[in-house]
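Heads up: the structure comes next, in structure tokens.
4 protein chains.
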Amino acid sequence: MPTATPAREQRAAYYELIAQRQLSPLWESLHNLVPPQPKPRAKAAIWRYAQIRDLVMQAGALISAQEAVRRVLVLENPGLPGKSSITPSLYAGLQLILPGEIAPSHRHTQSALRFIVEGRGAWTAVDGERTTMRPGDFIITPSWTWHDHGNPSVDEGGEPVIWLDGLDIPLVASLDAGFAESYPEATQPVTRPEGYSFARFGHNMAPVRELAPHPTSPIFSYPYERSREALDTLYRHGELDAWDGVKLRYVNPTTGGWPMPTMATFMQYLPAGFEGRARRSTDATVYCVVEGHGTAYIGGDAFSFAAHDVFVVPAWQPVRFSAVGESVLFSYSDRPVLAALNLLREERL
Amino acid sequence: MPTATPAREQRAAYYELIAQRQLSPLWESLHNLVPPQPKPRAKAAIWRYAQIRDLVMQAGALISAQEAVRRVLVLENPGLPGKSSITPSLYAGLQLILPGEIAPSHRHTQSALRFIVEGRGAWTAVDGERTTMRPGDFIITPSWTWHDHGNPSVDEGGEPVIWLDGLDIPLVASLDAGFAESYPEATQPVTRPEGYSFARFGHNMAPVRELAPHPTSPIFSYPYERSREALDTLYRHGELDAWDGVKLRYVNPTTGGWPMPTMATFMQYLPAGFEGRARRSTDATVYCVVEGHGTAYIGGDAFSFAAHDVFVVPAWQPVRFSAVGESVLFSYSDRPVLAALNLLREERL
Amino acid sequence: MPTATPAREQRAAYYELIAQRQLSPLWESLHNLVPPQPKPRAKAAIWRYAQIRDLVMQAGALISAQEAVRRVLVLENPGLPGKSSITPSLYAGLQLILPGEIAPSHRHTQSALRFIVEGRGAWTAVDGERTTMRPGDFIITPSWTWHDHGNPSVDEGGEPVIWLDGLDIPLVASLDAGFAESYPEATQPVTRPEGYSFARFGHNMAPVRELAPHPTSPIFSYPYERSREALDTLYRHGELDAWDGVKLRYVNPTTGGWPMPTMATFMQYLPAGFEGRARRSTDATVYCVVEGHGTAYIGGDAFSFAAHDVFVVPAWQPVRFSAVGESVLFSYSDRPVLAALNLLREERL
Amino acid sequence: MPTATPAREQRAAYYELIAQRQLSPLWESLHNLVPPQPKPRAKAAIWRYAQIRDLVMQAGALISAQEAVRRVLVLENPGLPGKSSITPSLYAGLQLILPGEIAPSHRHTQSALRFIVEGRGAWTAVDGERTTMRPGDFIITPSWTWHDHGNPSVDEGGEPVIWLDGLDIPLVASLDAGFAESYPEATQPVTRPEGYSFARFGHNMAPVRELAPHPTSPIFSYPYERSREALDTLYRHGELDAWDGVKLRYVNPTTGGWPMPTMATFMQYLPAGFEGRARRSTDATVYCVVEGHGTAYIGGDAFSFAAHDVFVVPAWQPVRFSAVGESVLFSYSDRPVLAALNLLREERL
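The listed protein sequences correspond, in order, to chains A, B, C and D. Using this note's numbering, read the first sequence as starting at 299 and increasing by one per residue. Using this note's numbering, read the second sequence as starting at 299 and increasing by one per residue. Using this note's numbering, read the third sequence as starting at 299 and increasing by one per residue. Using this note's numbering, read the fourth sequence as starting at 299 and increasing by one per residue.
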């Protein structure tokens with residue numbers, strides 16, 4: 299073991315000296331700061347619905363939606379303890395709303411998506427319009443839009459509804475750009491009938507005076523029925539990618555781009571017996587299994603998955619899929635952020 | 299009557315002199331060249347389907363689709379005689395295809411739209427994919443795409459089909475930018491099943507690797523069923539503009555802009571009894587009545603209209619609509635050209 | 299000579315019949331309407347400054363700038379007689395302003411460019427800011443901006459100034475989109491000092507709150523000194539294209555695109571002895587020789603050129619240059635129109 | 299002091315239970331995760347050049363540029379200890395290069411800017427072209443471009459040169475998107491003469507075939523001489539904002555946007571005696587004083603500044619400037635990131 303050379307001592311003394319002026323020597327940290335390739339601290343992980351559904355339901359007994367504001371169990375990446383993050387820039391949680399409950403109205407600069415896992419009939423309201431939730435629907439509550447959730451009472455046919463929340467909370471925190479407000483009432487007024495926004499923008503048409511692109515999608519609910527139909531049609535027509543199966547991204551119809559500026563969302567179909575090839579990219583991705591079962595190979599690990607499971611693929615980790623039965627996967631990632639900053643890389647292996 | 303003054307004679311002599319050098323005095327023509335406001339030579343006009351349908355059908359006996367290449371009666375603006383134009387930049391024609399016929403494959407730099415007026419079951423093929431025509435469908439064959447049309451034989455259930463062709467032929471001619479080619483066979487090969495493009499782009503989703511905007515819409519058929527549903531929903535939800543009724547524009551889902559760079563297309567719903575206010579704009583517009591009847595007031599003229607009629611509103615002419623019965627109007631104009639060149643003006647009167 | 303067959307007679311009768319309904323048979327005109335390639339009516343032509351300068355100066359004696367509003371000799375294409383056009387979409391004229399004169403203020407939707415040919419010290423004012431003209435400067439007066447021109451008196455050092463006007467008059471006329479207004483006074487008030495706009499946008503910087511792209515360049519004068527320096531530097535650095543020599547386009551610094559939406563402008567340097575290769579494109583182009591002399595080969599014709607000559611290359615005509623002495627050419631075309639409408643084609647031969 | 303209630307105990311037990319499944323209760327952390335407004339951990343701070351210049355020069359004796367790869371003292375925010383960050387997303391360092399030294403060639407996905415503080419004659423090479431450094435020049439080495447720095451020997455007139463490095467290292471780290479490579483030689487080959495890129499894009503012109511926007515500015519050196527001239531001209535012309543003085547942003551001339559996608563850069567002029575009003579925004583900003591002296595009031599603190607000092611304003615902290623002498627400030631921030639993600643807010647107080 300080498301003893302400290304004079305040069306080394308001299309440097310140490312210098313480092314102490316400059317530290318008093320809030321300075322540090324780049325050459326000691328350059329390799330870590332500018333690494334040859336990404337080494338994410340986040341880990342691949344899975345949350346199996348069979349193991350956590352009861353825990354989610356128990357939260358219903360433990361705390362009311364009103365008291366919780368949002369009754370959510372956060373899926374915390376084991377590589378990022380205490381961070382309430384599933385990837386360095388993304389948050390994931392499972393939210394439960396019981397019949398007769400309201401999750402009170404608020405807004406925040408964080409963008410949010412909801413992917414409905416189980417139950418039907420609850421609603422989300424966004425800036426005055428409500429949409430009814432059904433399993434597989436993808437719903438957005440964009441940055442700084444008032445939003446609240448509710449569920450009809452048991453008498454009105456309400457049933458417990460669970461969905462996956464995806465937000466850009468860690469990203470917004472890292473940029474010191476979070477603002478939030480509560481609405482003065484539990485629910486905002488309903489000013490437009492359900493289906494209004496979809497009728498305006500959902501049919502490859504747009505109101506004649508609406509020419510400016512919207513930064514977020516004016517369609518805030520993308521029904522599973524139509525997404526599933528698109529995937530089925532393409533599969534029947536022979537579209538099948540060796541890496542992705544049949545994979546579509548959700549679109550903001552006023553731009554052709556992403557529904558929100560910080561999160562991309564996807565839905566893909568894997569036929570029974572599909573053995574996909576591996577790919578990797580710099581966007582970290584959260585998956586939610588909609589239908590089917592199979593195995594996700596992430597880095598060196600294999601995760602068997604079944605319907606409603608949630609798993610996460612960190613940045614630059616190779617991932618490939620093996621589907622036992624016909625499977626459908628929803629996913630979201632920070633791809634728009636990487637693309638906007640010219641930092642998106644992808645490799646098909 | 300004043301006699302020629304010396305100055306006037308001097309000027310006339312000068313004008314003759316400079317004419318030999320291909321020069322002319324701007325000050326004699328400035329007011330005409332740079333007018334205070336548009337004075338279109340095109341006139342408002344209507345083609346009543348009841349009066350021309352038989353003529354269209356007679357063309358079927360007179361010439362085959364094969365010989366005609368396109369069996370079309372051109373709707374020629376009475377203010378633009380001999381120009382084969384309905385407005386200075388647009389062309390309109392009614393095309394007939396009989397059971398068992400083929401309109402042979404070609405491509406050209408002119409952009410074309412087809413709006414189906416009568417009959418069902420014929421098809422248009424665009425770059426390897428066919429789409430079946432039904433009344434009210436809006437179909438595009440963008441610039442430089444191979445396209446052919448066909449109709450099943452009577453035995454296969456074919457019936458005569460008539461549609462409105464809209465093209466930018468005069469515009470492309472005025473820019474000396476027309477190119478065309480015939481396909482070596484009557485029909486191009488079918489390489490993709492019907493519905494393929496719509497499944498890829500029609501459901502507010504897009505293939506995951508398709509990120510670049512397409513200059514023309516990848517959806518080449520916009521079915522009436524969906525357009526009508528969108529209009530109905532909005533009307534039921536109380537959307538009603540005092541000028542336009544309920545009016546939507548067709549969209550290229552990869553950009554949120556127009557389906558093709560030279561022609562905008564619209565569909566609007568006027569409830570029974572609607573008495574619209576007048577508007578005018580610098581885009582000249584061709585209308586095709588889909589359903590209903592009423593009156594179009596254009597400049598100082600009134601044109602009663604019924605289903606399948608075609609009428610034209612020249613640039614900057616005020617137009618307003620009165621609907622006797624619930625009416626649906628399809629329309630197309632050169633608005634994208636005016637918008638791209640920063641020449642679009644609109645007034646709501 | 300064949301007599302009319304029954305079919306021919308039958309068709310003729312049919313054509314007469316349908317003409318009464320403003321209908322015409324497409325199949326008789328299809329080939330002309332949709333030609334295999336462009337056949338412009340405009341012809342290649344040159345206006346030699348040595349032959350027309352005196353005529354321009356004579357106009358100064360014939361009519362005042364005040365009376366003429368714009369004292370301009372229009373360069374009329376011999377293939378487009380009576381059209382006041384140099385190409386189907388463009389206008390060119392030589393404007394003279396004498397010491398002490400004012401060309402009164404007005405605005406119009408037509409876009410205009412000024413390329414200074416001879417003389418210095420006159421000014422153009424655009425929306426409250428004046429710029430002084432020097433030979434080789436490129437100045438714009440975009441659509442609907444107030445603009446007037448003036449020249450100091452002889453006592454103040456004024457001298458006759460001649461420039462080339464380039465406008466999109468024929469294009470705007472063909473779209474029925476021309477509007478114009480006179481300013482109530484001969485000159486508009488000067489509200490900003492000379493150089494203000496250039497300081498804000500000319501140095502690859504922009505005011506911190508100016509983020510939105512401007513549809514037209516906020517720099518309205520591009521001095522020759524800087525354009526020439528850029529060309530020289532590139533030539534010294536070995537940049538030399540076999541077709542174009544060293545060729546730059548003028549840029550709107552807020553977008554990176556064209557200075558105005560209807561006309562592209564270029565300046566190119568041809569070293570002494572340059573023998574360029576031929577190219578052609580669908581934009582028709584007007585050239586003004588800034589320095590040097592040589593020959594332009596356009597289609598089958600050869601035009602020797604010298605400083606201040608103006609010549610025109612119709613759409614799709616091959617053009618190549620031979621430079622005897624070191625030459626600089628300014629040019630403008632309707633390329634942005636063709637590009638915006640997806641109709642631009644170019645071939646390097 | 300309340301004892302644990304049964305409910306509290308029950309909840310604690312539940313929290314332990316779910317933690318085993320990598321779940322945590324959102325309702326305990328919601329307020330922190332979605333705060334009402336930003337509370338940055340970064341602090342306002344200043345590095346006074348008079349106090350650190352000697353330390354920078356000492357580094358020259360301590361380690362060679364070759365060994366250090368980059369001989370830089372990192373300016374570490376006192377609120378972000380151990381993070382090598384000046385703001386949550388930005389890095390700042392002072393780099394020294396001595397006569398005769400080379401900082402070897404490499405590339406990385408991190409974007410970098412260099413603002414020259416002291417000394418002249420060193421060079422930066424970017425993708426084959428070198429540019430000579432002079433105080434006040436702003437130079438970029440965009441993401442994934444090969445770059446090296448060098449300094450002529452003393453015999454060739456070299457002198458020590460110090461510049462401020464600004465990079466997006468923390469941002470790229472937080473996104474797990476860092477890649478880097480060393481060039482096989484100390485310096486990359488020079489393939490283009492100095493000034494080439496500027497001649498192509500620096501004069502509000504562009505090569506005729508360059509139409510596509512560049513994601514980063516093709517001008518990689520913005521000379522102080524021209525920036526200063528623009529500011530001077532505007533100040534002489536009466537442009538003076540009550541908050542910013544005269545403030546320009548650097549521009550990518552192919553887009554009108556930022557020179558690089560992750561960092562905005564600005565230069566502003568404050569006349570002697572200027573007492574600015576306060577503003578705040580969600581982009582955190584690093585300032586480098588080019589000329590003059592005065593005081594920056596940041597949040598509740600006052601920092602007197604003089605030439606070459608560097609100070610940092612965290613996100614959402616109010617800042618205002620008081621200039622004793624005529625002052626020029628360079629600054630950079632993560633504004634493009636916030637703007638791209640729709641998270642930019644600004645208040646003028």
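Even for Gly, the Cβ is constructed at its ideal location relative to N, Cα and C.
Minimum Cα-Cα distance from A/Y313 among the listed residues D/A342, D/K337, D/A410 and D/E374 corresponds to D/E374. Contact of A/Q566 with chain D is not assigned, every C-beta pair being separated by 8 Å or more.
Sequence-distant Cβ neighbours of D/E326 in its own chain, meaning closer than 8 Å and more than five residues away, are Y313. Rounded to the nearest whole angstrom, the CA to CA distance from C/L532 to D/P440 is 23 Å. The beta-carbon of C/V415 is placed no less than 8 Å from the nearest beta-carbon of chain D. A contact is defined here as three or more CB-CB pairs under 8 Å, and the region 361-372 of chain B fails this definition with respect to the region 327-344 of chain B. Cβ contact annotation for D/T429 (same chain, cutoff 7 Å, sequence separation greater than five): W421, T422, I437, E492, F518 and S519, in chain order. Around C/T385, the same chain offers A340 and A582 as residues with beta carbons nearer than 6 Å, after the five sequence neighbours per side are excluded.
Listed by position along chain B, the residues whose Cβ is nearer than 8 Å to that of A/V617 form an empty set, because the closest Cβ is around 14 Å away. For D/F496, there is no enclosing beta strand (DSSP E); the residue is found in the alpha helix (DSSP H) stretching over Y494 to F499.
Nearest in C-alpha terms to B/T560, of all of C/A638, C/S322 and C/R368, is C/A638.
Scanning the region 430-516 of chain C from its first residue to its last, the whole alpha helix (DSSP H) runs of 4-plus residues come out as 467-472 and 494-499. Per the C-alpha coordinates, the member of C/V332, C/V622 and C/E645 positioned closest to B/L473 is C/V332. When Cβ pairs closer than 8 Å are counted between the two stretches, the region 616-623 of chain A is seen not to touch the region 451-464 of chain D, the count staying below three.
Taking C-beta separations shorter than 6 Å and ignoring five residues to either side along the sequence, the partners of A/W345 in its chain run L373 and V608, following chain order. Cβ contact annotation for A/H404 (same chain, cutoff 8 Å, sequence separation greater than five): V367, W444, H445, D446, A478, E479, S480 and Y481, in chain order. The residues W541 and R577, in chain order, have a CB closer than 6 Å to that of D/R646 in the same chain once the five nearest residues on each side in sequence are set aside. In this structure, D/V584 keeps its C-beta atom at 8 Å or more from the C-beta atom of D/S625. If the five residues before and after D/V635 are omitted, its C-beta is found closer than 7 Å to the C-beta atoms of S387, L469 and T560, all from its own chain and listed in chain order. Per DSSP, D/A605 is not a residue of any beta strand (DSSP E), being assigned neither H nor E.
In this structure D/Q393 is buried. Its beta-carbon is surrounded by 16 or more other beta-carbon atoms within 10 angstroms. One finds nothing in chain B with a Cβ atom closer than 7 Å to the Cβ of A/K337; even the nearest lies about 26 Å away. Per the coordinates, the alpha-carbon of B/G543 lies some 11 Å from the alpha-carbon of B/G571. Classified as exposed, B/A310 has fewer than 16 neighbouring CB atoms from the shown chains inside 10 Å of its CB. Just measuring C-alpha positions, the residue of D/P376, D/A317, D/G554 and D/P433 sitting nearest A/L371 is D/A317. Residues of chain D with a Cβ closer than 7 Å to the Cβ of A/T560 are, in chain order, L639. Its chain contains P397 and G398 as the residues whose beta carbon lies nearer than 8 Å to that of D/S451, once the 5 sequence neighbours on both sides are disregarded; these appear in chain order. Minimum Cα-Cα distance from A/A401 among the listed residues A/G377, A/E365 and A/D435 corresponds to A/E365. For B/V367, the secondary structure class from DSSP, reduced to helix, strand or coil, is coil.
Judged by DSSP in its simplified three-state form, D/P334 adopts coil rather than helix or strand. Here B/G598 is exposed, its C-beta having fewer than 16 other C-beta atoms within 10 Å. Collapsing the DSSP output to three states places D/G377 in coil.
The region 563-633 of chain A is shown to contain whole beta strand (DSSP E) runs of 3 or more residues at 577-579, 583-589, 592-596, 599-603, 608-611, 617-621 and 625-631, in chain order.
Only Y520, R524, S525, E527, A528, L529, D530, T531 and L532 from the region 520-532 of chain D bring a Cβ to less than 9 Å from some Cβ of chain C. Among the CB atoms of chain B, one or more fall inside 8 Å of the CB of A/Y548.
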